[in-house]
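Below: one structure, written as structure tokens.
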Amino acid sequence: MPSFDHLVFDNGYAQLPECFYSKVTPQALGNPRLVSVNTRVARLLDLDPDDHAGMLAVTAGQHVPADADPLAMVYAGHQFGVYVPRLGDGRALLLGEVRNQQGEKWDLHLKGSGHTPYSRQGDGRAVLRSSIREYLCSEAMFGLGIPTTRALCLVDSETPVQRERMERGAAILRVAQSHVRFGTFEYFYYRNKHAELKQLADFVIAEHFPAFVNEADCYERFYHEVVKRTAEMIAQWQAVGFCHGVMNTDNMSILGLTLDYGPFGFMEAFDAGHICNHSDFQGRYAFNQQPDIGYWNCACLGQALSPLFNNDVDVIKGILAQYPDAFAETYSLLIRQKAGLAVSQKNDSSLFDQLFTLMQKSKTDYTLFFRRLCDYEPDGDNALLRDLFVDRDAFDRWCKDYGVRLSAESGSVSERRRAMQQLDDNELVAAGVSRDMVRLSIGIEHIDDIIQDLAQALSKTA
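According to UniProt numbering, the stretch in the sequence shown is residues 1 to 462, in order.
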């Protein structure tokens, strides 16, 4: 496998006009050290996972590969519902796009690379604490089968970075098929740069939706696909109890990827209104608001794309109208799978509504409940399940209804348990990683071990 300097770069975004970005050179971290390498991502790029010197030099900003073309992408966005006309990569750079032997293109996106023209009042740096969280949890999300950016490696340094306290500067090399955001389209729409808006849409369609290129309704198809992917991604979040925390339109991926891991978290004690972002005072991005915010963000994207639809509002409304069904179909399927139900029935939503009401009252651990549900016995006392609830009589009534519902399934008990355990064990691993990282209860010297454990524990869904 090649080293960094022998990767095959194919930098399509850098071929767009300069109004789409600013060319920036990474600023080196002081006395860096390589903390961890994600060997699975290295192999995805056809990169030698043992090229530690190359990965350290590039991720620490000390070396730019010969064919890379680093740039900071410009975009705008609605932040907590308020439009901000100019944002952009304030502490990250798109180093370039790499094509692997399978013909796939992957962005190499360096986060924590220093000042850019879009840094505003920021220092352009990332700190070790948040970098560890994104590095590990993005891989956990990938293992759960949820679309996400990933990271190749993590670098620590002695560069001081001021936050609430002085912390160590760090960087991760993020990998995804695209880092174009809803806010990238908003930037050009609200500046009345409709020619550039069309150029961006044509670029994204050609790169990521080539089947639409020669279609008369290519922009409508593109928008429909983004809406569908977004709805399905958020349904997957809800099913595993993931709370993003900052669902601004500049944090929404045009490919339906989980993007920009900030104050995220996996829900522990069930609380439909859980807020993982301490700065979200109004609860705009609370757990139970995520599906509606996804819809709202898609509406913002539709507005930004409207010049490509000849400003036909009915086109946007028609495509947006498909969001609720796309979300509901995916979410219902995933929740049924977690409960061992293979076939949909009309009363399923009522069964789960009753369950979540009980869980809300008891603050039941969301992930642990579904793991214990794997061992449900129709004629047993199900003591481990009952212990998770305060109102045990109400739970017993729900359990009885659940048992009746299970009796309508055709599969064997062993098959049901095996399928449920695979899903729920994986979620326990992912949630456990998130909890450990939030609390930083382990040393960074163990991160490689955690990545390997993730790879093994989640391999069946990856």
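Note that beta-carbon positions come from the ideal geometry of N, C-alpha and C, so glycine has one too. The structure displayed is predicted, hence computed values, not measured ones.
Where residue i falls: helix, strand or coil (DSSP)
i: residue 166; result: strand
i: residue 409; result: coil
i: residue 78; result: strand
i: residue 109; result: strand
i: residue 377; result: coil
i: residue 104; result: coil
i: residue 140; result: helix
i: residue 264; result: coil
i: residue 73; result: strand
i: residue 3; result: coil
i: residue 307; result: helix
Neighbourhood of residue i by C-beta distance below 6 Å, restricted to the same chain and skipping five residues each side
i: residue 403; result: 378
i: residue 62; result: 28
i: residue 159; result: 29, 30 and 169
i: residue 233; result: 147 and 256
i: residue 20; result: none
Proximal residues to residue i (C-beta, below 8 Å), its chain only, five neighbours per side dropped
i: residue 409; result: 340, 341, 342, 343 and 416
i: residue 214; result: none
Residues near residue i in its chain [Cβ-Cβ closer than 7 Å; skip 5 each side]
i: residue 535; result: Here the chain comprises residues numbered 1 to 462, so residue 535 is not present and cannot be evaluated.
i: residue 355; result: 398
i: residue 389; result: 358, 362, 364 and 395
i: residue 208; result: 177, 178 and 255
i: residue 382; result: 376 and 399
i: residue 34; result: 52, 55, 56, 153 and 155
CA-to-CA distance, residue j to residue i, given in whole angstroms
i: residue 64; j: residue 51; result: 15 Å
i: residue 266; j: residue 118; result: 31 Å
i: residue 273; j: residue 25; result: 42 Å
i: residue 44; j: residue 137; result: 18 Å
i: residue 321; j: residue 147; result: 23 Å
i: residue 83; j: residue 183; result: 10 Å
i: residue 440; j: residue 307; result: Residue confidence for residue 440 is low, a pLDDT of 45 falling below 50, so the modelled location carries little weight; the figure read from the coordinates is stated next. Roughly 47 Å separates the two Cα atoms.
i: residue 226; j: residue 291; result: 15 Å
i: residue 11; j: residue 110; result: 15 Å
i: residue 301; j: residue 386; result: 45 Å
i: residue 304; j: residue 314; result: 14 Å
i: residue 391; j: residue 281; result: 31 Å
i: residue 297; j: residue 412; result: 42 Å
i: residue 94; j: residue 85; result: 21 Å
i: residue 471; j: residue 324; result: Limits of the chain in this structure are 1 at one end and 462 at the other, which puts residue 471 out of reach.
i: residue 112; j: residue 90; result: 9 Å
Beta-carbon proximity check, residue i vs residue j, cutoff 7 Å
i: residue 175; j: residue 200; result: no
i: residue 9; j: residue 53; result: no
i: residue 249; j: residue 77; result: yes
i: residue 39; j: residue 173; result: no
i: residue 124; j: residue 115; result: yes
i: residue 130; j: residue 30; result: no
i: residue 326; j: residue 211; result: no
i: residue 191; j: residue 75; result: no
i: residue 222; j: residue 205; result: yes
i: residue 72; j: residue 88; result: yes
Residue-chain proximity (residue i, chain C), Cβ-Cβ < 7 Å
i: residue 102; result: This model lacks chain C altogether, as it is built from one protein chain only.
Residue ranges of each alpha helix (DSSP H) within the stretch 310 to 389, 4 or longer: Whole alpha helix (DSSP H) segments, 4+ residues: 313 to 320, 323 to 338, 348 to 362, 366 to 373 and 383 to 386.
Entirely within the stretch 170 to 242 and at least 4 residues each: give me those alpha helix (DSSP H) ranges in chain order.
Look at the stretch 170 to 242 and you find these whole runs of alpha helix (DSSP H), each 4 residues long or longer: 182 to 190, 194 to 208 and 218 to 240.
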